[in-house]
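Visitor:
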Amino acid sequence: MSPQDQATPSILESCLAAAAKLRQVQQLLLEPGTLDRSAAELNEVIATLEQLVSASSPDWGPAESASLHQIKRAAGRLRAQIEHASNLWAGWLQLRMGTGYTEQGLPVFVNHEAGSCFEG
C-alpha cells in the first residue's frame with residue numbers, strides 16, 4: 000500500500016465519518032451557542048459527499064451501500080429535528096407577536112417600527 004493510499008480514506012470510511020458527523024450535529028444542536036460549529040460540521044459532510052459523488056468509478060459494495068443508508072437515516076433525523084425546532088420558534092413568535100393569519104394561512108406579525116403605534 001502506497002503512502003497516498005493510506006492518506007485517502009476509503010469510500011466506507013468516508014461514509015461512516017459523514018454519518019458520524021451528522022449524528023454529532025444532532026447533539027450539537029441540542030446545546031445553546033453551537034449553531035456556527037454545527038454549520039461547519041455540515042459543510043464538512045457536504046464536502047465528503049461531493050468527493051464521493053465525483054470519484055471516478057467508485058467501488059460500491061454492500062458495506063458502502065449500508066453506510067450510505069446510514070447517512071440517509073441520519074440526515075432524515077437531523078432534518079426532522081431542524082423542522083421541529085423551526086416550527087417551535089415560528090409558533091412561539093406567533094404567540095408572542097402575532098395578530099392572526101392571512102388567507103393563505105401564514106402568520107401576521109405586529110409591526111414594531113418607530114411611529115407605527117400610538118401610545119397615549
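With numbering that gives the first Met the number 0 applied, the sequence shown corresponds to residues 0 to 119, in that order. Note that CB positions come from ideal geometry on N, CA and C, so glycine has one too.
1) One question on the structure: do E43 and K20 come within less than 8 angstroms of each other, judged by their Cβ atoms?
2) Taking the runs of the alpha helix (DSSP H) that are 4 residues or longer, which of them lie wholly in the segment 43-108?
3) Check E185 in the structure and name its three-state DSSP category.
4) Are the CB atoms of S53 and C14 within a distance shorter than 8 angstroms?
5) Flag this pair as yes or no: are the beta carbons of L87 and V24 separated by less than 8 angstroms?
6) Exposed or buried, which one is A38 when buried takes at least 16 other CB atoms within 10 Å?
Guide: Walking through what the data contain:
1) yes
2) 61-96
3) Within the shown structure, residues of the chain are numbered from 0 to 119, placing residue 185 beyond reach of any answer.
4) no
5) no
6) exposed
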